[in-house]
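Chemist: At position 36 of the sequence shown the residue is numbered 110 (our numbering), and the sequence of numbers has no breaks.
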Amino acid sequence: MKKFASFLIFIFTISMLSQNPSNIFEKYPVFSECAEETVSELEHCFNYTLQQFVFTNYKIPEVVFSEDYKGKVEVLFEIDKEGAFKVLYVDGFYSELKEEAKRVFGMLPKITPATYNGNPAYIQFTLPIQIPLEEPNRNNAEVSSEELLKEKQDLLKLEYDSIEKLPYSSQEFRSNINIPLSHQNYSRFDPYLNKVGLNNHTAQKPFVYSEVNTYYNFEEENKKIAKNKTSWFGRKWWNEHMVTLTTKDFWMTLDPGVDLQVGKDTDADLNTYNNTRMVYVQGGIGKNFNFYATIQESQGKFADYFNRYAESIKPAGGNPAIIPGRGIAKDFKSDQYDYPVATGYISYTPSKYFNIQLGHGKNFLGDGYRSLLLSDNASSYPFLKINTTIWKFKYTNTWMSLRDVRPEVVDAGSFRTKYFANHYLSYNVTKRLNIGLFESVIWETGNDRGFDLNYINPIIFYRAIEFSTGSRGGNAIIGLTAKYKVNDRVNIYSQLIIDEFSSSDIFGGEGSYKNKIGYQIGAKYYDAFGLKNLYLQAEYNRVRPYTYSHNSVVLNYGHNNQSMAHTLGANFSEFIAIARYHRGRIFGDLKFIVAKRGLEFNTTEDSYFYGGDIYGTEDNRPSANGNELAQGNTTDFLHVEFQAGYLINPATNLKVYGSVIFRDFQPLTNTETTFENQTTWVNFGIRTDLFNWYNDF
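#1: When the Cα atoms are used, what is the spatial distance from Leu728 to Trp311?
#2: In the DSSP output, which residue or residues are listed as bridge partners for Phe739?
#3: Quick one: using the 10 Å Cβ neighbour count with 16 as the cut-off for buried, is Asp323 buried or exposed?
#4: Tell me where the beta strand (DSSP E) around Met326 begins and ends.
#5: Buried or exposed: where does Gly308 fall if 16 or more other Cβ atoms within 10 Å of its Cβ makes it buried?
#6: Is it true that the segment 581-590 meets the segment 425-443, where meeting means three or more beta-carbon pairs spaced less than 8 Å apart?
#7: Could you check if Arg654 is buried or exposed, using at least 16 other CB atoms within 10 Å of its CB as the buried criterion?
#8: Going by the beta-carbon positions, is the gap between Met352 and Gly331 smaller than 7 Å?
#9: Name the DSSP bridge partner or partners of Val734?
#10: Enumerate in chain order the residues of its own chain whose CB-to-CB distance from Asn701 is below 6 Å, with the five nearest sequence positions on each side excluded.
#11: If you count every other CB in all the chains shown that lies within 10 Å of the CB of Met181, and 16 or more means buried, which is it?
#12: If I'm right that Arg616 touches Gly592 with Cβ under 8 Å, what's the distance once you round it to whole angstroms?
#13: Alpha carbon to alpha carbon, what distance is there between Lys301 and Leu721?
#14: Does the beta-carbon distance from Ser256 to Asn766 come in below 7 Å?
#15: Can you grab the Cα-Cα spacing for the pair Asn252 / Thr200, in whole Å?
#16: Spatial neighbours of Val415 within its chain, please: CB distance less than 6 Å, with the 5 preceding and 5 following residues excluded, ordered by chain position.
#17: Express the C-alpha separation of Tyr354 and Gly732 in angstroms, rounding to a whole number.
#18: What does DSSP give as the partner residues of Arg671 in its beta bridges?
#19: Grab me the residues of Phe86's own chain with a C-beta within less than 6 Å of its C-beta, minus the 5 sequence neighbours each way, in chain order.
#20: Can you grab the Cα-Cα spacing for the pair Gly418 / Gly192, in whole Å?
#21: If we ignore side chains and look at the alpha-carbon of each, how far apart do Asn707 and Val484 end up?
#22: Look up Pro265 in the DSSP assignment and say whether it is helix, strand or coil.
#23: Determine the closest residue to Pro265 out of Asp441, Gly157 and Glu314, with distance taken between C-alpha atoms.
#24: Hey, quick one: how far does the beta strand (DSSP E) through Gly510 stretch, first residue to last?
#25: Does the distance from the CB of Thr472 to the CB of Phe457 come in under 7 Å?
#26: Ignore the nearest five residues each way along the sequence and tell me which others in Leu344's own chain have a CB closer than 6 Å to its CB.
#27: Mapping DSSP to helix, strand and coil, what is Pro481?
#28: Decide if Pro532 is buried, meaning its Cβ has at least 16 other Cβ atoms within 10 Å, or exposed.
#29: Just to confirm, is the Cβ distance from Thr777 to Tyr768 under 7 Å?
#30: Does the structure place the segment 272-287 close enough to the segment 376-390 that three or more beta carbon pairs sit under 8 Å?
#31: For Ala384, does the three-state DSSP call read helix, strand or coil?
#32: Check for me: the beta strand (DSSP E) holding Ser372 runs from which residue to which?
#33: Going by C-alpha to C-alpha distance, which of Gly166, Ile299 and Ala195 sits closest to Ile203?
#34: Taking the alpha carbon of Arg262 as the point to measure from, which residue in Leu439, Gly658 and Asp738 has its own alpha carbon closest?
#35: Would you kindly work out how many angstroms separate the C-alpha atoms of Pro481 and Met316, rounded to a whole number?
#36: Let's test the definition: count the other Cβ atoms within 10 Å of the Cβ of Leu230 and tell me whether it reaches 16, buried, or not, exposed.
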């Protein structure tokens with residue numbers, strides 16, 4: 075360092091942070107070297123001794139010296155009542171300069187503290203260190219009181235005080251946080267995304283706010299229906315998030331939420347309810363990193379058909395039910411359920427081309443009400459998702475960890491794990507036509523296989539990998555989608571799913587059980603018949619027997635005893651008609667579903683698997699050929715649902731509503747578990763609408 079000193083100039087000034095020193099203490103802090111000095115000389119001695127100590131011990135970092143840097147390092151420090159030095163804040167161009175300043179001040183010994191009114195006192199100073207350095211001059215180591223005040227005002231601010239609190243300005247709408255996946259909410263902006271000529275992609279859901287806000291300005295739309303409230307309670311109840319926090323590089327919202335329902339299944343003479351309390355938080359750090367989490371604690375009892383289905387898919391381990399779409403439930407009181415749910419994710423967007431999400435939640439692929447590829451029907455699961463958007467393409471890669479919770483596969487008290495990976499490529503062929511290519515594979519962890527690294531490759535064809543890992547080691551599925559925009563108000567969409575691609579079985583006309591295909595075709599009509607905000611949708615779904623199932627049951631297209639695709643599983647045809655309307659905060663939905671389903675008998679006389687329940691084993695099929703749609707216990711199914719409500723708070727999607735469901739279930743043969751029944755379920759509630767909850771099965 076002596077070699078360095080020949081180039082360096084050292085200039086020290088010490089300044090007090092607050093008032094004139096004489097107003098804060100009556101005697102300066104005393105180094106041991108200054109013990110013999112008079113009181114009037116203590117300030118000068120303190121300044122010189124500190125300067126000399128820093129000069130002797132401060133080592134210029136190599137990176138600073140090599141770049142011939144000229145500048146200064148500002149150190150805010152405190153001497154406490156025990157005489158110890160404590161660095162409060164350091165400001166400098168190079169982090170190496172700042173770290174070196176902290177190191178040097180950490181070497182300073184304890185000294186005699188300053189005093190005020192005869193008692194020890196703490197005091198704060200600022201020390202600007204000019205770079206290059208120069209050895210201090212004993213006769214020129216003083217600073218005038220005017221300079222002290224100037225340093226106080228202009229040089230440094232306390233680190234804590236420099237944190238600026240900014241007003242919240244709807245940062246979520248410009249962020250890469252997912253828009254809560256709700257069909258009713260999505261219908262509000264779906265028309266804006268489906269105009270002819272737009273180069274966006276609407277199949278990969280949930281959307282993130284930033285990609286939708288380009289076409290549908292959430293903030294402006296919310297302002298149109300905002301209540302003129304000035305009180306804190308009025309603003310928070312009607313228009314705003316409960317808690318907001320915004321700084322230059324960070325924002326966050328925190329809200330409580332509820333899903334409180336009371337109702338009655340009139341046919342079963344059964345009172346129903348749901349009591350969900352939740353809290354959810356979302357925010358962003360910098361421009362590229364976002365986060366979201368929700369925690370829910372719930373108890374409930376539902377319509378008779380809903381309760382029976384929830385109990386029919388109960389997991390191993392003694393818990394009585396799995397609440398469809400929510401999660402495993404435990405007993406509550408004598409005939410009710412307690413089911414906690416927690417979801418969340420982090421979202422990282424390194425550039426405009428990529429968004430990466432890691433979390434626990436759900437995903438959806440398609441433009442319809444149902445999806446034959448991947449839906450949000452099942453419980454939440456861990457996932458890693460990468461969205462890549464460039465030119466006319468959007469490519470989605472998703473890896474998931476699923477659970478098989480059947481009693482026969484539980485090992486040592488833990489549920490069996492299987493993995494699910496899929497690719498979906500969306501391509502805007504023209505300004506009207508979009509096509510999509512889909513492939514997925516499910517594999518188990520048997521033979522200590524774990525997560526198979528073969529499936530990390532984001533572009534390889536899974537079918538080839540499945541063959542290389544063993545025919546029973548994985549279950550690969552492929553699919554096609556298409557959407558055509560007839561005009562700005564009408565579009566047509568479709569899906570095709572192929573479970574086992576065996577052309578001879580698909581086109582052979584013999585009804586092979588390997589003919590495992592399904593398709594969907596639908597249409598949407600926006601501002602129908604010229605009535606603004608009237609949304610009409612019609613959809614037809616048809617899935618052949620044994621689709622989504624597998625000869626190794628663990629490899630089926632399921633999670634937590636629920637289908638990862640269509641709610642009805644397989645072996646059905648279904649027609650859906652939906653009408654949605656909103657005006658301001660008022661909304662109404664009408665849904666009509668008619669289906670023909672093929673269920674299993676599950677009796678001692680007939681225990682065959684007919685291909686409806688995806689958790690059946692194909693090895694138990696009644697025949698290899700001659701399989702027809704809705705075979706087995708053919709059931710006519712009707713579901714009609716009407717809901718109307720009022721959006722209390724658009725920022726939190728808090729709604730009050732009433733609904734009525736009429737359901738008619740007519741099987742060919744009544745058995746112990748499958749029998750003719752009708753349901754009229756009337757329900758009223760207040761709900762924070764953050765997810766789809768399907769009652770139509």
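Just so you know, even glycine gets a beta-carbon here, dropped at the ideal spot from N, CA and C.
None of these values were measured; they are calculated from a predicted model.
Modeler: Reading it off the structure:
#1: Taking the sequence shown and counting its residues from 1, the one referred to as residue 728 is at position 654. Taking the sequence shown and counting its residues from 1, the one referred to as residue 311 is at position 237. One C-alpha to the other measures close to 9 Å.
#2: As a working note, residue 739 is residue 665 in the sequence shown. Phe739 is bridged to Phe711 and Asn751.
#3: Taking the sequence shown and counting its residues from 1, one reaches residue 323 at position 249. When all chains shown are included, Asp323 counts as exposed.
#4: The residue labelled residue 326 in the question sits at position 252 within the sequence shown. Phe324 to Asp339 is the extent of the beta strand (DSSP E) around Met326.
#5: Along the sequence shown, one-based indexing puts residue 308 at 234. Gly308 should be labelled exposed.
#6: no
#7: Here residue 654 is taken as the residue at index 580 of the sequence shown, counted from 1. Buried is the call here.
#8: The residue labelled residue 352 in the question sits at position 278 within the sequence shown. The residue labelled residue 331 in the question sits at position 257 within the sequence shown. Going by C-beta atoms, Met352 is nearer than 7 Å to Gly331.
#9: Translated into positions along the sequence shown, residue 734 becomes position 660. Phe716 and Val756, per the DSSP bridge assignment.
#10: The count along the sequence shown starts at 1 and reaches residue 701 at position 627. Hits under 6 Å: Gly585, Tyr587 and Pro619.
#11: Stepping through the sequence shown from its first residue, residue 181 is reached at position 107. Exposed: under 16 other Cβ atoms inside 10 Å.
#12: By 1-based counting over the sequence shown, the position of residue 616 is 542. By 1-based counting over the sequence shown, the position of residue 592 is 518. Right, their Cβ atoms sit about 6 Å apart.
#13: To locate residue 721, count along the sequence shown from 1; it is residue 647. To locate residue 301, count along the sequence shown from 1; it is residue 227. So the two alpha carbons sit approximately 12 Å from each other.
#14: Here residue 256 corresponds to residue number 182 of the sequence shown, with the count starting at 1. Here residue 766 corresponds to residue number 692 of the sequence shown, with the count starting at 1. Result yes, Cβ atoms of Ser256 and Asn766 sit closer than 7 Å.
#15: Position 178 of the sequence shown holds residue 252. Position 126 of the sequence shown holds residue 200. Taking the straight line joining both Cα atoms gives about 46 Å.
#16: Stepping through the sequence shown from its first residue, residue 415 is reached at position 341. The residues are Gln370, Arg400 and Gly401.
#17: Translated into the one-based positions of the sequence shown, residue 732 becomes position 658. Translated into the one-based positions of the sequence shown, residue 354 becomes position 280. Their backbone Cα atoms lie some 24 Å apart in a straight line.
#18: Locating residue 671 in the sequence shown gives position 597, where the first residue counts as 1. Answer is Phe646 and Thr709, bridged to Arg671.
#19: Mapped onto the sequence shown, residue 86 falls at position 12. Because the pLDDT of Phe86 is 36, which lies under 50, any placement of that residue in the model is unreliable, and the question is left without a value.
#20: Sequence index remark: in the sequence shown, residue 418 carries index 344 (1-based). Sequence index remark: in the sequence shown, residue 192 carries index 118 (1-based). Roughly 58 Å separates the two Cα atoms.
#21: Along the sequence shown, read from residue 1 onward, the residue named residue 707 stands at position 633. Along the sequence shown, read from residue 1 onward, the residue named residue 484 stands at position 410. For Asn707 and Val484, the distance between alpha carbons rounds to 30 Å.
#22: The sequence position of residue 265 within the sequence shown is 191, counting from 1. Annotated three-state conformation of Pro265 is helix, per DSSP.
#23: As a first step, residue 265 is located in the sequence shown; it is residue number 191 there, counting from the start. That would be Asp441, whose Cα lies nearest to the Cα of Pro265.
#24: Translated into positions along the sequence shown, residue 510 becomes position 436. Segment Leu507 to Glu518, the beta strand (DSSP E) holding Gly510.
#25: Translated into the one-based positions of the sequence shown, residue 472 becomes position 398. Translated into the one-based positions of the sequence shown, residue 457 becomes position 383. Cβ distance < 7 Å, so Thr472 and Phe457 count as in contact.
#26: Mapped onto the sequence shown, residue 344 falls at position 270. Within the same chain, Leu344 has close Cβ partners Asp378.
#27: Position 407 of the sequence shown, counting from 1, holds the residue named residue 481. Helix at Pro481.
#28: Here residue 532 corresponds to residue number 458 of the sequence shown, with the count starting at 1. With fewer than 16 Cβ atoms within 10 Å of its Cβ, Pro532 is classed as exposed.
#29: Nothing in the structure corresponds to residue 777, since the chain is present only between 75 and 771.
#30: no
#31: By one-based count along the sequence shown, residue 384 stands at place 310. Reduced to three states, the DSSP call for Ala384 is helix.
#32: Working through the sequence shown from its first residue, we reach residue 372 at position 298. First-last of the beta strand (DSSP E) with Ser372: Phe363 to Lys375.
#33: Indexing the sequence shown from 1 puts residue 203 at position 129. Sorting Gly166, Ile299 and Ala195 by C-alpha distance to the C-alpha of Ile203 places Gly166 at the top.
#34: Against the sequence shown, residue 262 aligns to sequence position 188. Closest by alpha carbon: Gly658.
#35: As a position in the sequence shown, residue 481 is number 407, starting the count at 1. As a position in the sequence shown, residue 316 is number 242, starting the count at 1. Near 44 Å, if we compare the C-alpha coordinates of Met316 and Pro481.
#36: For the purposes of this step, residue 230 is taken as the residue at position 156 of the sequence shown. With a pLDDT of 45 at Leu230, under the threshold of 50, the modelled position of that residue is not reliable, and the figure given next carries that caveat. Flag for Leu230 reads buried.
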